[in-house]
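Per the numbering used here: the sequence shown = residues 1 to 247. For glycine and all other residues, C-beta sits at the position ideal for the given N, C-alpha and C. For clarity, every value in this text was computed on a predicted model and none was experimentally measured.
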Amino acid sequence: MKTVLVTGAAQGIGRATAERFIASGHALVATDISAQALDDLRSLAPERIVVLVQDITADPAPKEAVDLAVARFGRLDVLVNNAGVGRPRPIHETDDDGIDRFLDINVRAQIRFCREALGVMKSGAAIVNIASIFGLRGNAGAGVYSVSKAAMIGLTRQMAADYGPSGIRVNAVAPGLIKTPLTADRIDNDPAFRRQMVETTPFPRVGTPDDIAAAVHFLASEDAGFIAGHTLVVDGGWLVANGQRKA
Ligand SMILES: NC(=O)c1ccc[n+]([C@@H]2O[C@H](COP(=O)([O-])OP(=O)(O)OC[C@H]3O[C@@H](n4cnc5c(N)ncnc54)[C@H](O)[C@@H]3O)[C@@H](O)[C@H]2O)c1
């Protein structure tokens, strides 16, 4: 049974991704900083899911999670580096703590999880990093968040080059606007945000966590067996439409 490690699995994109891998028969290590929702996730398939409450930025976090996968299921086949934070400020309003927060949670922790996973992954394994459309283009006010997601795309390319020879594929998904606890309030209550992100998406609906989970699942699967170093944009066409939609 293939084993998947998903960070930030308690809600939003991570939760949908965890559920999709469970539905397709995988074993799962689900980690998050928030405990209660993880227990609820575990109840879906207690014999195939182990949960771990951890802050991904803590020094022991990657080793704890990878060791748990190996101890409980004997292997690690897929790492989904999903946990991350949003709500950036423009660069001129970002203090040093703000810089550190985005880089620690959205970049440094992901690199450390990749490094730990490489220690046990075998040929056929896959890593999927969650980036963002804001890692591919600038966007007003996206600040260090944008920097952090561009770093995910760079990490993905570099690791694909370095570990492809070992049979390990590394890819990224770049979500557009997805309705999750991170974004729901602005989608529902911020007209300027809706104009910038919702009304300018060609495909006439808001993205769902399942849209991203499906892309992650595909990139981790044998169907994507010759795809490496790729960033798959899942945004209803927002990026290519340059912020315009025909009425
Ligand atoms: N929602 C979107 O529109 C969108 C768009 C592009 C990219 N993304 C990316 O997708 C990923 C998931 O986003 P989401 O919208 O589901 O967010 P979310 O806030 O709904 O869920 C993120 C999860 O990560 C966990 N988490 C946060 N910091 C953590 C830490 N230090 N240690 C452990 N767990 C931590 C949270 O507890 C939460 O369960 C993030 O990397 C985000 O940047 C989201």
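How big is the Cα-Cα spacing for residue i and residue j?
| i | j | result |
| --- | --- | --- |
| residue 27 | residue 137 | 36 Å |
| residue 56 | residue 83 | 8 Å |
| residue 214 | residue 16 | 9 Å |
| residue 205 | residue 107 | 30 Å |
| residue 168 | residue 240 | 30 Å |
| residue 70 | residue 129 | 21 Å |
| residue 75 | residue 216 | 19 Å |
| residue 53 | residue 245 | 42 Å |
| residue 171 | residue 191 | 34 Å |
| residue 184 | residue 43 | 26 Å |
| residue 67 | residue 222 | 25 Å |
| residue 194 | residue 41 | 31 Å |
| residue 80 | residue 21 | 11 Å |
| residue 199 | residue 218 | 28 Å |
| residue 197 | residue 10 | 25 Å |
| residue 124 | residue 162 | 15 Å |
| residue 45 | residue 148 | 34 Å |
| residue 135 | residue 144 | 10 Å |
| residue 109 | residue 188 | 31 Å |
| residue 47 | residue 23 | 13 Å |
| residue 140 | residue 92 | 12 Å |
| residue 19 | residue 25 | 10 Å |
| residue 164 | residue 118 | 12 Å |
| residue 242 | residue 235 | 12 Å |
| residue 101 | residue 49 | 29 Å |
| residue 88 | residue 182 | 12 Å |
| residue 131 | residue 225 | 20 Å |
| residue 126 | residue 166 | 11 Å |
| residue 212 | residue 36 | 23 Å |
| residue 72 | residue 237 | 41 Å |
| residue 177 | residue 207 | 6 Å |
Is it buried or exposed for residue i, if we count other Cβ within 10 angstroms and need 16 for buried?
| i | result |
| --- | --- |
| residue 175 | buried |
| residue 146 | buried |
| residue 1 | exposed |
| residue 90 | exposed |
| residue 77 | buried |
Less than 7 Å between the CB of residue i and some heavy atom of ligand 1, yes or no?
| i | result |
| --- | --- |
| residue 146 | no |
| residue 85 | yes |
| residue 182 | yes |
| residue 175 | yes |
| residue 34 | yes |
| residue 55 | yes |
| residue 8 | yes |
| residue 196 | no |
| residue 14 | yes |
| residue 82 | yes |
| residue 178 | yes |
| residue 99 | no |
| residue 11 | yes |
So does residue i have its beta carbon nearer than 7 Å to some heavy atom of ligand 3?
| i | result |
| --- | --- |
| residue 111 | For the structure depicted, ligand 3 is absent and the ligand set comprises only ligand 1. |
Is the Cβ of residue i closer than 8 Å to any Cβ of chain C?
| i | result |
| --- | --- |
| residue 12 | No chain C appears in this structure, which consists of one protein chain only. |
* To do: Say whether the stretch 111 to 129 touches the stretch 52 to 69, bearing in mind that this needs 3 or more beta-carbon pairs closer than 8 Å, one atom from each stretch.
  => Cβ pair count under 8 Å is three or more, so yes.
* Taking 8 Å as the threshold, find out whether the stretch 87 to 96 comes into contact with the stretch 150 to 158 through three or more Cβ pairs. => no
* Is the number of C-beta pairs between the stretch 155 to 163 and the stretch 216 to 232 that are closer than 8 Å three or more? -> yes
* Asked: Counting pairs of beta carbons, one from the stretch 27 to 38 and one from the stretch 1 to 19, are three or more of them closer than 8 Å?
  -> yes
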